[in-house]
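K.L.:
Have a look at this one.
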Amino acid sequence: MAIEIVATGRYLPTRRVTNDDLAKTIDTNDEWIRSHTGIGSRHYAEPEQATSDLAYEAAMNALENFAPGKAAETALTLDLVIVATSSPDYYGFPAVACIVQDRLGATNAGAFDVSAACTGFVYALDAAAGMLAFGNRKRALVIGSDVLSKITNWDDRGTCVLFGDAAGAAIIERTDAPSTGAGKRGLIHSVLHAQGSGAQELKCERGGTRNPYKDGETLEKATHLYMNGRAVYNFAVKAFTDVMQELLDLEGITMERVKKIIPHQANERIVQAAAKRFGLPEDKFFMNIEKYANTSAATIPVALDEYAHTGDLKKGDIIMTVGFGGGLTYGGNLIVW
Ligand code: UT7
Numbered sequence: 027m028a029i030e031i032v033a034t035g036r037y038l039p040t041r042r043v044t045n046d047d048l049a050k051t052i053d054t055n056d057e058w059i060r061s062h063t064g065i066g067s068r069h070y071a072e073p074e075q076a077t078s079d080l081a082y083e084a085a086m087n088a089l090e091n092f093a094p095g096k097a098a099e100t101a102l103t104l105d106l107v108i109v110a111t112s113s114p115d116y117y118g119f120p121a122v123a124c125i126v127q128d129r130l131g132a133t134n135a136g137a138f139d140v141s142a143a144c145t146g147f148v149y150a151l152d153a154a155a156g157m158l159a160f161g162n163r164k165r166a167l168v169i170g171s172d173v174l175s176k177i178t179n180w181d182d183r184g185t186c187v188l189f190g191d192a193a194g195a196a197i198i199e200r201t202d203a204p205s206t207g208a209g210k211r212g213l214i215h216s217v218l219h220a221q222g223s224g225a226q227e228l229k230c231e232r233g234g235t236r237n238p239y240k241d242g243e244t245l246e247k248a249t250h251l252y253m254n255g256r257a258v259y260n261f262a263v264k265a266f267t268d269v270m271q272e273l274l275d276l277e278g279i280t281m282e283r284v285k286k287i288i289p290h291q292a293n294e295r296i297v298q299a300a301a302k303r304f305g306l307p308e309d310k311f312f313m314n315i316e317k318y319a320n321t322s323a324a325t326i327p328v329a330l331d332e333y334a335h336t337g338d339l340k341k342g343d344i345i346m347t348v349g350f351g352g353g354l355t356y357g358g359n360l361i362v363w
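Counting in the working numbering, the sequence shown runs from 27 upward without gaps.
Put into structure tokens, the structure is as follows:
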């Protein structure tokens, strides 16, 4: 029995905003953003688009890629819809996954959200795989979707230029392929970690039960995203390389056996630091931060879908995902395609 990714999909909102566009209203410039992060542009959701709208489009794209013209039929075969997000349509509930489940007509699926910020897809993929390994479940839809532009503090130039909106999706399935030995397929290892001592470094301060809204207060900025960039950067570089090494050790292989690393992309320099530490060429990592910026839980599934469509990824290739983000959380997956 193996847990295999059988289709992927993505959705980027149509509105594309370059660094120069941002510099018209924010005290920033293309040179700073590119040299400090590698970001050139990002996509933003329209005012009427919420996280579930992006998630739905990415899911439809994955369903179409799985069986063209049969999205509705395939949706009925789903046992689970899981959405990783930190910018849900509604605070607390209903889950984004329930809204997506309804729009897809996936009436046989259970649905819930995973809150692990930018590591969300890594966590959700492993949760789905574990749930498919038991009971009668066979097929799951795992989505990473975030619309951070709606919780961005536009007065904080240190964070507002970093993020974009997107969604990515994967359909995973329990198959008869072997999961050990020669010819093994699918998700073979995951590592999931948290360093909750860093919870305050990346957060939305107000609106939850710790600091609820109060009548008459104007709280907009306090409900927006706060990040201690330097602290998160330092955490990320170590977390990133630790996860890479841990996944290699679990499988007992060296990096030569890994075809591509699909990283969370918060800052190109974090990936460059990891490449340097492992002595790897930068093209070992599939990068798209220049086009999309940091799309939080969507980054890894969007990059995975783009990479899968390059034609470079062949059956039997080993790939690795590596994520890190709010929580603080970090982790990765090792997958035989
Ligand atoms: O996905 C979630 C995980 N997130 C991350 O992993 C993000 C990790 N952190 C980072 O990537 C980096 O810390 C940042 C990109 C957020 C910041 O880069 P930095 O090199 O640490 O910059 P800094 O915050 O130390 O700021 C350096 C300078 C400051 O000016 P002074 O005080 O040296 O005069 C800032 O005011 O750059 C200035 N600055 C900007 N200048 C132009 C900060 N933001 C901007 C901006 N445009 N957008």
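We put the beta carbon where it would ideally sit given N, CA and C, even for glycine.
#1: Within the chosen definition, does the stretch 204 to 217 reach the stretch 269 to 279 through at least 3 CB pairs nearer than 8 Å?
#2: With DSSP run on the structure shown, which of helix, strand or coil describes Arg41?
#3: Over the uninterrupted alpha helix (DSSP H) stretch that includes Glu227, give me the two end residues.
#4: Touch check for the stretch 197 to 208 and the stretch 160 to 177: three-plus C-beta pairs under 8 Å?
#5: Is there at least one non-hydrogen atom of the ligand UT7 closer than 7 Å to the beta-carbon of Gly190?
#6: Assign Arg163 to one of three DSSP states: helix, strand, or coil.
#7: For the putative contact between Ala203 and Ala28, defined by C-beta atoms under 8 Å, what is the C-beta separation to the nearest angstrom?
#8: Beta strand (DSSP E) containing Ala196: first to last residue?
#9: From Tyr82, Ile361, Ile344, pick the residue whose C-alpha is nearest to that of Ala97; which is it?
#10: Roughly how many whole angstroms lie between the Cα atoms of Met157 and Ser67?
#11: Who are the Cβ neighbours of Ala365 in its own chain at under 7 Å, not counting the five residues just before and after it?
#12: Hey, could you find the ends of the alpha helix (DSSP H) Phe147 is sitting in?
#13: Drop a sphere of 10 angstroms on the beta-carbon of Glu308, count the other beta-carbons inside from all chains shown, and report buried for 16 or more, exposed for fewer.
#14: Leaving out five residues on either side along the sequence, give the residues of the same chain with a beta carbon under 8 Å from the beta carbon of Asp139.
P.N.:
Concretely, from the data shown:
#1: yes
#2: strand
#3: Glu227 -> no alpha helix (DSSP H), and no H or E assigned at all.
#4: yes
#5: no
#6: coil
#7: 4 Å
#8: 192 to 201
#9: Tyr82
#10: 37 Å
#11: A question about residue 365 goes unanswered here, because the residues of the chain that appear run from 27 up to 363.
#12: 146 to 158
#13: exposed
#14: Ile108, Val109, Ala110, Thr111, Pro114, Ala121, Val122, Ala123
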